Each structure stands twice: as structure tokens, then as C-alpha cells.
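Working notes for the structure below.
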Amino acid sequence: MTAIRPFPEAAREGLANPQLRANLARATGTIRGKRRAVVEETPDWEELREAGRAIKARTLAALDEHLVVLERAVESAGGKVWWARDAAEANEAVSQIAREHGATEIVKVKSLTTDELGLNEYLAGHGIEAVETDLAELILQLDGDWSSHILVPALHRNRHEIGELFRRTIDREVGDEPAALAEVARTYLRKKFLAARMGVSGANFLVAETGTAVVVESEGNGRMCTTLPPVLVTVAGIEKVIPRWNDLEVFLQLLPRSSTGERMNPYTSLWSGTRAGEGPREFHLVLVDNGRTRVLADEVGRGALACIRCSACLNVCPVYERTGGHAYGSIYPGPIGAILTPQLVGIENAPTLPYASSLCGACYEACPVKIDIPDILVHLRGRAVEAGVEPASERLAMRGLARTFASRRAYESAQRLGRGALRLVPWARVGPLRAWARARDLPSQQPRTFRGWWRAR
Amino acid sequence: MRVTLFVPCYADTLAPSAAIATVTILERLGHEVVYPGEQTCCGQVHGNSGYFREALRLAERFVDVFGDADLVVAPSASCVGTVRHLYARLARRAGKVELAERFEALGARVFELSEALTGPLEAGDAGSFFPHRVTYHPTCHSLRALRVGGAPQRLLEAVEGLELVPLRRAEECCGFGGTFAVKNADTSAAMLADKVAAIEETGAEACVAVDGSCLLQIGGGLARSGSGVQALHLAEVLAGARGE
Amino acid sequence: MVAGTVSSAREDILGRIRAAIDGAPSQPEAERPPYRRFGALDPEARVALFCERASEYSATVTRCVPAEVAVRIGEICAERGMTHLLVSALEDWDPHPPGVELLPDADLSVSELDSGAGVMTACAVAIAETGTVVLDGGPGQGRRALTLVPDVHLCVVPAERIVELVPEAVARLAPSAREGRALTFISGPSATADIEFDRVEGVHGPRDLVLLVVDEAQA
Numbered sequence: 025m026t027a028i029r030p031f032p033e034a035a036r037e038g039l040a041n042p043q044l045r046a047n048l049a050r051a052t053g054t055i056r057g058k059r060r061a062v063v064e065e066t067p068d069w070e071e072l073r074e075a076g077r078a079i080k081a082r083t084l085a086a087l088d089e090h091l092v093v094l095e096r097a098v099e100s101a102g103g104k105v106w107w108a109r110d111a112a113e114a115n116e117a118v119s120q121i122a123r124e125h126g127a128t129e130i131v132k133v134k135s136l137t138t139d140e141l142g143l144n145e146y147l148a149g150h151g152i153e154a155v156e157t158d159l160a161e162l163i164l165q166l167d168g169d170w171s172s173h174i175l176v177p178a179l180h181r182n183r184h185e186i187g188e189l190f191r192r193t194i195d196r197e198v199g200d201e202p203a204a205l206a207e208v209a210r211t212y213l214r215k216k217f218l219a220a221r222m223g224v225s226g227a228n229f230l231v232a233e234t235g236t237a238v239v240v241e242s243e244g245n246g247r248m249c250t251t252l253p254p255v256l257v258t259v260a261g262i263e264k265v266i267p268r269w270n271d272l273e274v275f276l277q278l279l280p281r282s283s284t285g286e287r288m289n290p291y292t293s294l295w296s297g298t299r300a301g302e303g304p305r306e307f308h309l310v311l312v313d314n315g316r317t318r319v320l321a322d323e324v325g326r327g328a329l330a331c332i333r334c335s336a337c338l339n340v341c342p343v344y345e346r347t348g349g350h351a352y353g354s355i356y357p358g359p360i361g362a363i364l365t366p367q368l369v370g371i372e373n374a375p376t377l378p379y380a381s382s383l384c385g386a387c388y389e390a391c392p393v394k395i396d397i398p399d400i401l402v403h404l405r406g407r408a409v410e411a412g413v414e415p416a417s418e419r420l421a422m423r424g425l426a427r428t429f430a431s432r433r434a435y436e437s438a439q440r441l442g443r444g445a446l447r448l449v450p451w452a453r454v455g456p457l458r459a460w461a462r463a464r465d466l467p468s469q470q471p472r473t474f475r476g477w478w479r480a481r
Numbered sequence: 004m005r006v007t008l009f010v011p012c013y014a015d016t017l018a019p020s021a022a023i024a025t026v027t028i029l030e031r032l033g034h035e036v037v038y039p040g041e042q043t044c045c046g047q048v049h050g051n052s053g054y055f056r057e058a059l060r061l062a063e064r065f066v067d068v069f070g071d072a073d074l075v076v077a078p079s080a081s082c083v084g085t086v087r088h089l090y091a092r093l094a095r096r097a098g099k100v101e102l103a104e105r106f107e108a109l110g111a112r113v114f115e116l117s118e119a120l121t122g123p124l125e126a127g128d129a130g131s132f133f134p135h136r137v138t139y140h141p142t143c144h145s146l147r148a149l150r151v152g153g154a155p156q157r158l159l160e161a162v163e164g165l166e167l168v169p170l171r172r173a174e175e176c177c178g179f180g181g182t183f184a185v186k187n188a189d190t191s192a193a194m195l196a197d198k199v200a201a202i203e204e205t206g207a208e209a210c211v212a213v214d215g216s217c218l219l220q221i222g223g224g225l226a227r228s229g230s231g232v233q234a235l236h237l238a239e240v241l242a243g244a245r246g247e
Numbered sequence: 546m547v548a549g550t551v552s553s554a555r556e557d558i559l560g561r562i563r564a565a566i567d568g569a570p571s572q573p574e575a576e577r578p579p580y581r582r583f584g585a586l587d588p589e590a591r592v593a594l595f596c597e598r599a600s601e602y603s604a605t606v607t608r609c610v611p612a613e614v615a616v617r618i619g620e621i622c623a624e625r626g627m628t629h630l631l632v633s634a635l636e637d638w639d640p641h642p643p644g645v646e647l648l649p650d651a652d653l654s655v656s657e658l659d660s661g662a663g664v665m666t667a668c669a670v671a672i673a674e675t676g677t678v679v680l681d682g683g684p685g686q687g688r689r690a691l692t693l694v695p696d697v698h699l700c701v702v703p704a705e706r707i708v709e710l711v712p713e714a715v716a717r718l719a720p721s722a723r724e725g726r727a728l729t730f731i732s733g734p735s736a737t738a739d740i741e742f743d744r745v746e747g748v749h750g751p752r753d754l755v756l757l758v759v760d761e762a763q764a
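Spelled out as C-alpha cells, the structure:
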């Protein structure tokens, strides 16, 4: 596993790009308003959140049992279940199915899991072209760019940039209006949907009891990919399972309101295995671990596996809004990425991500399944310290500070020294206060300490 | 009532005026203020930075110093949040259940100033006079960790002569976040710039908050921008007495 | 990949999970928090809410009494200049709407589905609070491709199929799910917000969703 670029360094690119900052502020501002409206009108929102949290926690606590039930239900409905320990196994499974059916072009619904696995690149290496059919994913694919947002992967691009791209790649005549751009995508992809021999999707939920796969979407490309091609492969992380059919009554309320700020998204497709005269003739479900069992083994960190990928935490995050998603160095940006990525790839490969937050707590409040993201961030900082990936200078300073605070006498003499040093040494130009002083003035020195004042009065 | 004062280390050392003002208010309301000189730091910086062993030792020290107090008041939401929430978590994760319970018992008796005034001290009107136009920045820890709700604003509204003006995107973080301001200085500065711009738009003479640490950040940004807007702790506003 | 690897991957993953959760057996589900399971509106208010919410997502909603259904379908088609409607089976639509030819889905190919005609279906359940119709392939609904490829989807919604809340719909759909039927929840026409979070209607699914709510009480 290669290490992820340090967050503070990667963040600088986004921070220095005024167009990106404007696109992000506009888009996240819009979605925050929509989300707030549909959450505030829901009188039982907090009860739904608690129910969502509880279902996910209970599922993870017996994940093996639920997966076995799911497997049995999918197979008895005529589907085939594959298990993949890592990306290589998952990609090879999809590739093998495609090759068996002579599919050289497949249509894909937006799926974070397959992005995480690098499926498209793997298939390309085997002569199979994966066509992304979600508008935003198509935009990125045409431009050789990558996702910066869980729900709206091309959030960092505005209509003019996208119009320019479409004129360069698909239709020389199209303007910049989103409706016209969507029309171009419709025409461009329709031929591909109708001709495709194989579709690939992710899954928002997998209902163990009924063997049902659920895809929640807006455009209809998900319906196209999961309905029209004769062969359908669904690739999903093992944490996507939920035990019972009626668990959906909670998540189908939480997800749309949290992600697109709608009471319900335009289309939700649900199917179990195959059915005569209806949809694909073959259905394969690839269940992927790829680091998830490692996350599960951390009692605090496993909270991240409850994520339903709504992206509400990104939209309310003041850090994300300013740096953009690329700074997080993975397909999972924002607060959820800051707790998921270090666990999936190993803390030593992403040691700066748990610190990419001011711990303001806005993400926890917005999370529809109540993942305590600030708590997990702090927990992962502890693991970073334990793993010794933080700089030695910091460790020494922290230990020294702790020793100072351990005794009144040490503390009071440090106060005297510190206050003297602040007066004498130009800290704003050297030492740890340099970063501080680039954007802010240091506080003006007050004549005495509080305890000095208390003693003297 | 006998009130035990907890003054955060940075406030004691660098910005004592908020703590001095807290004493002024509490004594004006007729309370007896006690200040245990053994206190140092609650350990928040260690706890939030992943130095859990060090933080837990400071937590144990805190409980030794304040364990017997009936009511502890601090002019800092983030330090109170550390005592109330982080301590027990640290203890439980270290497998020390009994210690966690001691922390929880103490945590229930530690209050941020606005909580204390509107709660156990029953002083929704602290008898204050402050003839200025101010805006209020609800700090993240007061809002989302302690859930003080509108307590600080209610206290401000009761101040004679004070005009409270709304702040755009008030609930967004100022970008301080402890070591965040150093480790991610550029992002922190970008957040601060937006906060400063929003404060300046209000036309207020001062921005008020209940966390001295955020006020160091906001005050530093306001001073750098040269707008002349002051960053004030709620205590400093409430300390001004009527009829003085 | 050979079969042996697949099964050992299965055993490996299940083994890793058991190690991670320390072999704890599953807990019985605790009582769920008291979110709303049942609606509180009277039938008229429920139908009105459905119509309002579905319209908010740009579906065209009209209401009529049962005796008017065929005529109203004819009018809806005439307004759109449509002379043909795909249906799952002719016998589901009696009396036939005037001025419209119904084309039964006799294993039509996708290009035949894409020939320009609209489609007409019934629905299994509708949800008032979210303005949603749900198709489960039951009578009058057909297979999923039928309501996906055409550009106009006319859905007939009997008032008694409208429930107020999502949990009521999920409960009603449980038998279909257990039978292994494919379900589609539809809330408004196809849409995207992929460009600047600006909602645009009409990407890949039908761009025109017409809901005809049939209600005895409407007279």
C-alpha cells in the first residue's frame, strides 16, 4: 500500500484555487439548505437516526451470521455469490465473468466500492472497457479526473468547465446549461445501455433476509444498468448487509434526506437474484473485504463501517469546504474519509488524515447513523501516536508539557519562563508559533497571570 | 453558594481577564469563590492529540484537585467538555471502569460559565451593563459538545445597553481546533478569514464567545485585519455592573 | 480463479470477521425507537398530501373518479400528442381509453421499447409523505424495462393504494420482496444534481411522469 500524500500539503492546492473554492462553497451551501429543510420537517428524525445507528451496530456485531443468511437468500433466488478478500480478487471475479460472456464493454452505475478497488483500470488491462454512466462519473471519466465528493463526484467543476469538456469530447455544439449537458449525456449513453451485455453496480444495502440488493439513485442510469443487460454483477463491501426487510423503512428515509436533501430520491431499484422474464438472466454478487475486517477489529474505529455514504458530513465540514475532496487522497473524502481511509490502508500510510479536522463536531450532528466521527478521529490520533508516526519533536514537547502540568511548582515556573520568553524572543518568526503568526496576531501580553492576580488581591 | 473556580492553563497564563471577570460576576451575585492553587491543565491538548496516557494522568490529577467540590465553574466550554466527556472515555478505553465512574460523577458538577449562570446559579440576568453593539460566535464545543443552546445569547440579551446583532454562518467553526491551527495552519487560516469577514459585516464593536482559545484565534485574526473589532469573553461583557 | 480459492476466500473472510468481533453471538433486536410506523391523516388528507408531494418533484398529477379513468387517459395522451401506449397486458385496461392504441408487451426488444411510445402501468403502493409510487411487477405493472426505456410514464394510482409513510409501504411490500419480485420506487421523473447541485429533470429514465390518482371520493 502506498502512502497517501500529507493532508496539509495536499490541502494547499485546493486552498489556493479560487475557482474550486467558489464551486465548493456554492454547491455545499445549496445542499446544506436543502438537507436542513427536509430534516426539519421530519418530526421523528432523531428517532430514525437512533434506529439507523442501532441497526448498523447490531449488524456489525454479528456480521458473519448476516452474510451467511444473505448468501443463502441470494443463491436460492438464482444469484451467485463471490467472496473477495482484497481488490485483486474482486477485480478478477468481475473480469472473469465479463470474459466468460464475451463482454468487451460494460456499463457501470456509480460505485464507490469499485472505485476503491480500481476496477475500471483492472478491466482496461484485460481489454474490457467500463463505461461510467452516472453524469458526474462520466464527466470525470471523459476528463481523466477523479472524484472529490461521495455523492457528486464532479462537485469541484462548474457548468462552464463541464460544458467546455463536453464540447471537446462529445458534442461540439452544446452550451453550458445543465439541462442541455444532461441531454447530451442521455443521447450519448442510451446506445450503450441498449447494447450492453453486462452491467456492474454497487449496492447501497443488501437485505440478508430476502437476498435483496438495493440501488438508490436519481438519473435512471442505475435502473438501466441493473435491468437491461443480460448479465449483472453487483460489487459490495461486506458492511452493506442489513439483516431484515423492514430495516429498509429506516434507511430509505435517512439516506435521501441526508444525501440529496430530497424526501425520496427519484429511483430506488430492489431485486433478488434473477426472475424469469424480468431483468438480467444472470446475477452475481461479489462481497468484498479489502480491509473492512481490519476496521471491524477496532472496537471504536468500526463505527466507520456504519456509513451509508450519504455525504452529509462532507457538506457540513468547514475543512472540506475549503480544501476540496482531492486533499484527502482517497475515494472517500471529507470527515468520513478521514476516519475510514487510515483504517482501510493502515494508519502508517495516512497518518495526517485523523488530524485533518478541527473537531468542530458538525459531521457528527449531520450523520444519519450517528457515527461519532470526532471521537473516532481522536481515537485514531491515539493510534498514530502509538504507532510512532507523529514527529519525535512533537512527542518530546507533549511529554514535557505533561510533566510541567503534573506539578504546581513546575507549572508556575514554566509560566514565569514562558511569559518572559514571549516578551523577549521573536516567536512570530521562529518556533511553533510561526505558522500561527502568518495569519493572526499574537495576543498582547497582559500584566500578570490569573493566579498572580488572585494572590495579590 | 460556594463556587470552585477552574481556570484553563492558557487563560491563567496568557489571557487572565476572562477569569478575573468571572470572579467579579460570581462575587457580585453573592457567591463565595474558591480557587484551588494546585490546578494546572485539564489535559485537553494531550487528549485531543492522541497522547492518551499523558491526558489520563492529568485527568486523575484534576479529580484529585476538584473531586470534593460541589460546583466547579470554568470560563471555557472546551475544557469543561474535556472533563465531562473525554475523561470517562479515556478511562474506559484504558480499562479503568471505576475511575471512569468517578470522572462521570465529577463531570456532572463541572459547568461552563453560561451553563452555571442559567442553571444552578439561577442568574439569567447577571445585573450587567455593557452599552455596545456585539455579535455572538457560538463555539463548537459550547454548541455541539456541551449543548448550551441559547444560554449565552439569553445572558447577553439581559445585559443593559447591549445590542446583539446576528452573525452570518455563526455556527461554523472559527478554525482554531487546538493543534489543528498549527498542523493545518493554512486551512485554519482560511476558516478564520471567513469568520473574520462575517464578524466585520455585522458592524459590531465586539465578537463575544465562551471559549478563550477560540477568542485567541478570532482576536488574532481581527487584530491582523485591522478592523478594530474586539474579541471578548462572555465574562468580560457580563462583568460590567449596572449603575457603575 | 479456481473454485478452491473462492471458497477459501469465503472461509477466510468469515474467520476474520469472527476474530474481529470476538465470536460474540448476535443479540436479539432491542425495541426500536418510536419513529412513526403509522400515518395519522384521514384518507382525503392522505391523497391530497400524495398529490402535493408528487407535484413538488415535477410529476404531473391529476385526479378522477373510477368511471372517468379511460377518458382521462385519452385526454392525457391527446395533450402530449401520443397515439400509442405500451402496457403489460391488454386485459388489465378495460375499458380501453379512447383515441389511444394500447400495445401489449409481448417480449418486446429494448429497441422496440425505445420506439417512442409512452408506457402506462398501475402501481403496487404509493407513499404520500414522499410522493413516491412503487412498482412490484404485479398486475398492470409489467417488467422493469417497460417503465424505464419509454420517455413518458403514465401511472394509475388507486387512492386505496396510497399509504402515508415509508414504513407502511415497506410493510405492504414485504410479501413481494419475500417472493423475490423486483421493486422500483419512483419519485418524480429522472433527475440529476450532478452539475453544481442544480436539479435538472430528465436524464436516462422517463422525463415525463404522469400520475392519475383514482379516487371514489373525488366526485
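Chains A, B and C, in that order, give the protein sequences. Take 25 as the starting number for the first sequence in our numbering and just add one per residue. Take 4 as the starting number for the second sequence in our numbering and just add one per residue. Take 546 as the starting number for the third sequence in our numbering and just add one per residue. Backbone N, C-alpha and C fix where the C-beta goes; we use that ideal spot for every residue, glycine too. From a predicted model like this one, the values you see are computed outputs, not experimental measurements.
Determine the contact status of residue i and residue j, defining contact as a CB-CB distance below 8 angstroms.
i: Thr25(B); j: Leu120(B); result: no
i: Ser381(A); j: Pro359(A); result: yes
i: Tyr146(A); j: Thr729(C); result: no
i: Gln470(A); j: Pro19(B); result: yes
i: Ile152(A); j: Thr128(A); result: yes
i: Trp107(A); j: Leu404(A); result: no
Could you pull the start and end residues of the beta strand (DSSP E) that residue i belongs to?
i: Tyr484(A); result: Outside the shown range of chain A (25 to 481) lies residue 484(A), about which nothing can therefore be said.
i: Ile371(A); result: Here Ile371(A) belongs to no beta strand (DSSP E), and DSSP marks it neither H nor E.
i: Glu156(A); result: 153 to 156
i: Val310(A); result: 306 to 312
i: Phe69(B); result: Phe69(B) -> not in any beta strand (DSSP E); alpha helix (DSSP H) instead, spanning 55 to 69.
i: Ile672(C); result: 670 to 672
Anything in chain A within Cβ reach of residue i, meaning under 9 angstroms, just list it in chain order.
i: Phe583(C); result: Those do not exist, as Phe583(C) stays about 12 angstroms from chain A at its closest Cβ, beyond 9 angstroms.
i: Val10(B); result: Phe474, Arg475, Trp478
i: Gly663(C); result: What Gly663(C) touches in chain A: nothing, since even the nearest Cβ is about 15 angstroms away.
i: Ser732(C); result: Pro280, Glu286, Arg287, Met288, Asn289, Pro290, Tyr291, Thr292
May I ask which residues mark the beginning and end of the alpha helix (DSSP H) holding residue i?
i: Gln47(B); result: 47 to 52
Have a look at residue i and residue j and give me their C-alpha separation to the nearest angstrom.
i: Gly619(C); j: Tyr602(C); result: 24 angstroms
i: Thr6(B); j: Val151(B); result: According to the sequence shown, residue 6(B) is Val rather than Thr. Going from the Cα of Val6(B) to the Cα of Val151(B) covers about 19 angstroms.
i: Ala75(A); j: Ser654(C); result: 44 angstroms
i: Glu101(B); j: Cys45(B); result: 19 angstroms
i: Glu646(C); j: Val632(C); result: 10 angstroms
i: Ala200(B); j: Gly661(C); result: 55 angstroms
i: Ala193(B); j: Arg36(A); result: 10 angstroms
i: Arg346(A); j: Pro751(C); result: 37 angstroms
i: Ala548(C); j: Gly126(A); result: Summary for Ala548(C): the model assigns pLDDT 48, below 50, so the residue's position carries little reliability; its value from the coordinates is reported in the next sentence. Spanning the two alpha carbons is a distance of roughly 21 angstroms.
i: Leu364(A); j: Gly180(B); result: 21 angstroms
i: Gln156(B); j: Tyr139(B); result: 7 angstroms
Report the neighbours of residue i on chain C: residues whose CB is nearer than 9 angstroms to its CB, in chain order.
i: Asp313(A); result: Ala554, Asp557, Ile558, Arg561, Ile562
Which chain C residues sit within Cβ distance under 8 angstroms of residue i?
i: Asp88(A); result: Leu559, Ile562, Arg563, Ile566
Please compile the residues from chain B whose C-beta is within a distance smaller than 7 angstroms of the C-beta of residue i.
i: Glu465(A); result: Before going on, a small fix: residue 465(A) reads as Asp here, not Glu. The contacting residues are Gly223, Ala226, Arg227.
i: Pro375(A); result: Near Pro375(A) there are no residues of chain B at all, since even the closest Cβ is about 10 angstroms away, more than 7 angstroms.
Taking C-beta pairs closer than 7 angstroms, name the residues in chain C that residue i reaches, listed in chain order.
i: Trp295(A); result: Ala727
Could you work out which residues of chain B lie near residue i, taking near to mean beta carbons separated by less than 8 angstroms?
i: Leu383(A); result: Asn51, Cys143, Gly180, Gly181, Phe183
> Can you list the alpha helix (DSSP H) stretches of 4 or more residues lying completely in the segment 33 to 93 of chain A, in chain order?
Replying inline: 42 to 64, 69 to 84
> In chain order, which continuous runs of the alpha helix (DSSP H) of length 4 or greater are located wholly inside the segment 571 to 639 of chain C?
Replying inline: 588 to 601, 614 to 624
> Quick one: complete alpha helix (DSSP H) runs, 4+ long, within the segment 215 to 282 of chain A?
Replying inline: 245 to 251
>> What ranges does the alpha helix (DSSP H) occupy inside the segment 350 to 434 of chain A, keeping only unbroken runs of at least 4 residues that lie completely in it?
In response: 358 to 369, 386 to 390, 397 to 410, 416 to 429
> Which whole runs of the alpha helix (DSSP H) in the segment 175 to 224 of chain B are 4 residues long or more, in chain order?
Replying inline: 183 to 186, 188 to 205
>> Restricting to runs no shorter than 4 residues, where is the alpha helix (DSSP H) found entirely within the segment 699 to 745 of chain C?
In response: 711 to 723
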